Each structure stands twice: as structure tokens, then as C-alpha cells.
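Oh and the sequence shown: position 24 is 30 in the working numbering, straight run, nothing missing.
Worksheet: one structure, shown below.
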Amino acid sequence: MSKLQARNEMVINAPISKIWAVITDINVLHKINPGVIKAVIIALSALVAIILFSCKKKKLNENLYEEAKASGLVLYQNKDSILSPAGSSPHGPFKLKFNSTAASQFGSDGKFPVGGAFTNGSLIVKEVYSGGQLSLYAVMKKDDSKFSADGWLWAEYEPDGKTTYSVGEKGKSCTSCHATNPNRDLIKSFDLY
Numbered sequence: 007m008s009k010l011q012a013r014n015e016m017v018i019n020a021p022i023s024k025i026w027a028v029i030t031d032i033n034v035l036h037k038i039n040p041g042v043i044k045a046v047i048i049a050l051s052a053l054v055a056i057i058l059f060s061c062k063k064k065k066l067n068e069n070l071y072e073e074a075k076a077s078g079l080v081l082y083q084n085k086d087s088i089l090s091p092a093g094s095s096p097h098g099p100f101k102l103k104f105n106s107t108a109a110s111q112f113g114s115d116g117k118f119p120v121g122g123a124f125t126n127g128s129l130i131v132k133e134v135y136s137g138g139q140l141s142l143y144a145v146m147k148k149d150d151s152k153f154s155a156d157g158w159l160w161a162e163y164e165p166d167g168k169t170t171y172s173v174g175e176k177g178k179s180c181t182s183c184h185a186t187n188p189n190r191d192l193i194k195s196f197d198l199y
């Protein structure tokens with residue numbers, strides 16, 4: 007193996023700190039195959055992008071969890087009672103809550119109008135119960151960010167804040183059911199209760 011091949015192998019198999027040392031050493035840089043340099047730069051760029059994307063998802067999940075457990079959410083039809091799941095709902099017994107942005111759009115019947123679309127920032131929280139104890143927050147938030155699906159962020163959290171279904175999943179396990187009729191901007195509860 008030539009010295010050049012050995013250097014190229016070192017760059018490919020070395021930890022990032024060693025790669026950076028080699029890349030920044032101008033005396034070595036001109037001896038490395040340009041294709042290897044390009045591959046390393048692409049790999050480092052991808053790594054930085056993944057880290058930034060992951061951090062943004064984590065922060066978004068943390069903020070959404072805090073919104074879901076916040077006081078001041080409005081109970082569906084102002085009833086503090088646990089509702090039984092309808093049909094093949096995967097969620098079990100629940101209470102349904104809305105932030106003021108969502109609740110301000112309800113009609114005189116306490117429901118969201120048929121054919122309407124919630125405004126950005128509307129939050130719907132399904133508090134799921136098991137054995138009379140809160141076991142899960144199933145959350146939808148109207149948001150047109152890159153993490154949304156059909157205009158909504160979709161997430162689930164345990165009461166302690168552990169994310170069980172990340173916004174990064176983009177509702178892929180949720181939207182097929184929520185899109186079935188009847189629904190009001192993908193919310194099923196208004197036509198079931």
C-alpha cells in the first residue's frame with residue numbers, strides 16, 4: 007500500500023477529530039485524493055444536519071408536551087368526565103381538551119363546524135386513562151411546519167414527558183384513521199360524542 011493509499015484509508019476510518027486535523031493540515035491536504043476529501047466533507051455536512059434536525063425535533067416534542075399538560079385547557083363541552091373510546095380507537099378512555107385558540111372556533115353547540123379548518127396554533131389534547139389514572143397524552147397541534155402531516159403535528163407522551171410517538175413520525179400511524187369520514191379537520195370526536 008502506498009503512502010497516499012494509507013493516508014486515504016486513515017481519513018476514511020479515523021474519528022472526526024483526526025479527520026479534522028488532517029483536513030486542516032495544509033501540508034497533508036494536497037496529498038489526499040480529492041474524492042476522499044469531498045466524501046469527508048459531505049459526510050461531515052450530513053452529520054451536522056442530522057444533529058441539528060434531531061435537536062429541533064427534540065425541542066419541538068418538549069414544547070408540545072408542556073403545552074399538552076398545561077393548565078387552562080378547555081374540556082370538551084365543559085365536561086370533566088372520562089369518555090369511552092368509540093369504534094376501533096386505539097386510545098382507550100379519555101378526556102378531550104383544547105387550548106383557547108381551538109376552543110374559540112367552536113359553534114354554539116360546543117363543536118367545531120363541519121367543513122371548517124382550525125387555525126395554526128390550535129391544540130387538541132386527548133388525555134388517555136387506564137385504570138382511572140392518566141396514562142398518555144395524545145396531542146395534535148395545527149402547524150404548517152416541516153414536521154406536520156395534513157397540517158397537524160402528531161405526538162404522544164407519557165405523563166412524565168417521555169415521548170412515545172414523536173412529531174418526527176409525521177402522523178404516519180394516525181392520519182389514515184383520522185382522515186376517515188366523518189371528521190372535522192381530522193378530528194373525529196365531534197361526530198362521535
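Ideal Cβ placement from N, Cα and C applies to all residues, glycine included.
If you're wondering where the values come from, they're calculated on a predicted model, not measured in any experiment.
Per the contact definition of three or more C-beta pairs closer than 8 Å, is the segment 119 to 134 in contact with the segment 71 to 81? yes
Which residues in the same chain as Ser110 place their Cβ atom closer than 8 Å to its Cβ, once the five residues preceding and following it in sequence are excluded? none
As assigned by DSSP and simplified to three states, the class of Phe104: strand
Could you spell out the range, first to last residue, of the beta strand (DSSP E) harbouring Leu79? First-last for Leu79: undefined, no H or E at that position.
Where the beta strand (DSSP E) through Thr169 begins and ends: Per DSSP, Thr169 belongs to the beta strand (DSSP E) from Thr169 to Tyr171.
Say yes only if the C-beta of Val80 is nearer than 7 Å to one or more non-hydrogen atoms of the ligand MN, and no if none qualify. This structure lacks the ligand MN; in fact it carries no ligand of any kind.
Could you say which of Thr170, Gly167, Gly113 and Gly157 lies nearest to Gln83 if we only look at CA atoms? Gly113
Could you spell out the range, first to last residue, of the beta strand (DSSP E) harbouring Ser136? Leu129 to Ser136
Contact check, Leu81 vs Lys117, beta carbons under 8 Å: No.
Should the segment 172 to 182 be regarded as contacting the segment 145 to 156, the criterion being three or more beta carbon pairs within less than 8 Å? yes
Taking 8 Å as the threshold (C-beta atoms), are Lys148 and Ser128 in contact? Cβ distance < 8 Å, so Ser128 and Lys148 count as in contact.
Provide the residue span of the alpha helix (DSSP H) that contains Ser182, from first to last. Thr181 to His184
Nearest residue (CA-CA) to Thr125, options Ala108, Gln139 and Thr170: Answer by Cα proximity: Ala108.
Rounding to the nearest angstrom, what Cα-Cα distance links Leu79 and Gly41 in this structure? 56 Å
Burial state of Ile193 (16 or more Cβ within 10 Å): buried
For Glu162, is the classification buried or exposed, using 16 other Cβ atoms within 10 angstroms of its Cβ as the cut-off for buried? buried
The alpha helix (DSSP H) enclosing Ser87, as first and last residue numbers: Neither: Ser87 is in no alpha helix (DSSP H) and is coded neither H nor E.
On a CA-only basis, which of Gly93, Asn187, Gly167 and Gly98 is nearest Lys64? Give me that one, please. Gly167
Taking just the CA atoms, how far does Gly122 sit from Lys101? 23 Å
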